[in-house]
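Here the sequence shown stands for residues -19 to -1, 1 to 359, numbered as in mature numbering (1 follows the signal peptide of the UniProt record, and there is no 0). Just so you know, even glycine gets a beta-carbon here, dropped at the ideal spot from N, CA and C.
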Amino acid sequence: MKKAIVSILCTFWVSHSFAYNAPPNKKLTIAINKNVELLGLAYFIGFEGVDIETKTITIDSKKIPKKDWHNYGYFIYEKYKKFAANESLLNSFTVADHLWLDYIIALLVQVEDFPNARLTDAIAESYYINFSKTRNLKEAKENVTIFLGGLNSFYTQINFNQYLIDSKAYYDKALEEVRSGLPQTDFISKMEEFYKNSFETYTLVPSLTIPKGMGFGARYSSAGKTHIFNVFGGIDFQQFLNTDELKMGFTDKQRLRELSVHEFGHSFVNPSIDKLPEKIITDTELLLEPMRLAMSDQGYNTWRASLYEHFVRAGEIIIAEKLGDKLGAENLLEQYVEERQFRYIPTILIELRKYDAGQYKSYDETVLEAMKEIEKTR
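1. Count the other CB atoms, across all protein chains shown, that sit within 10 Å of the CB of Asp83; report buried if there are 16 or more and exposed otherwise.
2. Assign Pro46 to one of three DSSP states: helix, strand, or coil.
3. Return the chain-ordered list of same chain residues with a C-beta closer than 6 Å to the C-beta of Tyr317, the five sequence neighbours on each side being excluded.
4. Taking its Cβ as the centre, do 16 or more other Cβ atoms sit within 10 Å of Asn111, making it buried, or is it exposed?
5. Which one or two residues does DSSP pair with Lys228 in a beta bridge?
6. For Lys206 and Ala23, what's the separation of their Cα atoms in angstroms?
7. Are the CB atoms of Glu332 and Ala351 nearer to each other than 7 Å?
8. May I ask which residues mark the beginning and end of the alpha helix (DSSP H) holding Gly162?
9. Are Arg99 and Leu129 closer than 7 Å when you measure CB to CB?
10. Can you find at least 3 beta carbon pairs, one from the segment 245 to 263 and one from the segment 198 to 212, that sit closer than 8 Å?
11. Checking the sheet assignment: what are the DSSP bridge partners for Lys206?
12. Quick test of your reading: Trp284 and Glu266, contact by CB under 8 Å. State the CB separation rounded to the nearest angstrom.
13. Given a cut-off of 7 Å on the beta-carbon distance, is the pair Gly162 and Leu237 in contact?
14. Are the segment 182 to 196 and the segment 43 to 60 in contact at 8 Å, needing three or more beta carbon pairs?
15. Would you mind reading off the limits of the beta strand (DSSP E) that contains Asn16?
16. Does the distance from the C-beta atom of Ala87 to that of Tyr58 stay below 7 Å?
17. Give the single residue among Gly215, Ala77, Asn282 and Thr137 whose Cα lies nearest to the Cα of Gly230.
18. CA-CA distance, Leu304 and Ser170?
19. Would Phe256 pass as a contact of Asp167 if the rule is Cβ separation under 7 Å?
20. Under the assumption that Leu185 contacts Ser241 (Cβ atoms under 8 Å), give the Cβ distance between them as a whole number of angstroms.
21. Here's the rule: buried if 16 or more other CB atoms are within 10 angstroms of the residue's CB, otherwise exposed. What is Ala105?
22. Can you tell me whether Ala12 is helix, strand or coil according to DSSP?
23. Should Ile(-12) be labelled buried (16 or more other beta-carbon atoms within 10 Å of its own) or exposed?
24. By how many angstroms is the C-alpha of Trp50 removed from the C-alpha of Tyr144?
25. Applying the 10 Å Cβ sphere with the 16-neighbour rule, what's the burial state of Ile329?
26. Beta carbon of Asp70, beta carbon of Asn16: below 7 Å?
27. Excluding the 5 residues preceding and the 5 following Ser253 in the sequence, name in chain order all residues of the same chain whose CB lies nearer than 7 Å to its CB.
28. Kindly say whether Tyr183, judged by its beta-carbon, lies nearer than 7 Å to any beta-carbon of chain B.
29. Thinking just about the alpha-carbon of each residue, which of Leu19, Glu311, Ile40 and Lys36 is nearest to the one in Lys48?
30. Determine, using beta carbons only, whether Phe210 and Leu19 come nearer to each other than 7 Å.
31. Identify, in the order they occur along the chain, each residue of the same chain with its Cβ nearer than 7 Å to the Cβ of Ile26, setting aside the five sequence neighbours on each side.
32. Can you tell me the Cα-Cα spacing of Glu356 and Met272, whole angstroms?
33. How is the alpha helix (DSSP H) around Val348 delimited, first residue to last?
34. Near Arg116, which residues of its chain fall below 7 Å by C-beta distance, leaving aside the five closest residues on each side in sequence?
35. How should Ser73 be labelled, buried or exposed, when 16 other C-beta atoms within 10 angstroms of its C-beta is the threshold for buried?
36. Please identify the residue among Ala150, Glu68, Ala103 and Val125 whose C-alpha is closest to the C-alpha of Tyr136.
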């Protein structure tokens, strides 16, 4: 797949995922999704793992071999790299090489488990229309059928079910780490109260095959109910070979909360950005230029994508404050503005605090007013 796709256990396996309910909010679930795991493995052996032995990565200001950071990914890469040129996999990649991983994941959480995944009438066309570059419905259906069919075959050909059985202890541990690492404070309710909106379910989907550091917010609506997902790879070091003390990379409690608030935040924030008058988007587009390189380096290549991230990250700071984590909020503000160059967050925060104090009636109105203030900085 091309670069674009980047910036895409209980005691028994159950259909589609296996999960624990995670307190403190009854709508929040932690689940491993089999379809996501197969996609992550396919992506790792096809792209992330290529030449990984010769690359380095900087973690906590220290440069280390990339294969040491992605050590579980490298483990599966070594085991399955011989399948990188698998014909079924290449057929799937060919019709999806222009898509982002989050778009694909939003489809995969709706279909049956591989090797029985197929497009059904229950899935709205918006979740697969982009499989056609021209958004032609007939072509999109044909391509998504090729995509799912290829991965169905790939699942069987590499005996992915055996991988899941062999790796059960690792997935058990990953779920345990996420479950025990989540804050006891109900951050879901805090988000619903602040944004004055809610969704039917919230699912955290930790993944051992999605590359570490990657996170994707996905959502779908069915029968008038919207379900949102946070799919994410490991966030810290892993230890899993020749040891009784497994560490699968999900023990950083602060990062877990921030990541969850961030990815779930997109479902609250993005629709309000999309309601903005197109004129205000185009009139402010030049404001991307001073930070274009910094945004591009983080995978945000358009002004609209940058705006999504600005508002979501500003919301993270507000939620951290509401959870009583003043230091965490201050650290986020410094990291996002100083280190990662989201320069309009302070302006947005002023308007969010007005909204929180009751000055604006809705989050939609707040976003519009914040954009008017951002426009003044041109």
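Straight from the coordinates:
1. buried
2. strand
3. Arg294, Phe323 and Ile326
4. buried
5. Gln220
6. Roughly 31 Å separates the two Cα atoms.
7. yes
8. Lys149 to Gly162
9. yes
10. yes
11. For Lys206, which the question treats as bridged, DSSP gives the partners Ser203.
12. Confirmed, about 5 Å.
13. yes
14. yes
15. Note, Asn16: premise wrong, no beta strand (DSSP E); alpha helix (DSSP H) at Lys15 to Tyr24.
16. no
17. Gly215
18. 11 Å
19. In the sequence on display, residue 256 carries Lys and not Phe. Not a contact, by the Cβ cut-off of 7 Å.
20. 6 Å
21. By the neighbour-count rule (16 or more Cβ atoms within 10 Å), Ala105 is not buried but exposed.
22. If DSSP states are grouped into helix, strand and coil, Ala12 belongs with the strands.
23. Residue placement at Ile(-12) cannot be trusted, given a pLDDT of 38 that sits under 50; what the coordinates show is reported in the next sentence. Flag for Ile(-12) reads buried.
24. Pairing Tyr144 with Trp50, the inter-Cα distance amounts to about 21 Å.
25. buried
26. Note that residue 70 is Leu in the sequence shown, not Asp. Not a contact, by the Cβ cut-off of 7 Å.
27. Tyr344, Asp345 and Val348
28. The structure shown contains no chain B, having only a single protein chain.
29. Lys36
30. no
31. Tyr58, Tyr61, Lys62, Phe64 and Ala65
32. 15 Å
33. Tyr344 to Glu356
34. Ile110, listed in sequence order.
35. By the neighbour-count rule (16 or more Cβ atoms within 10 Å), Ser73 is buried.
36. Glu68
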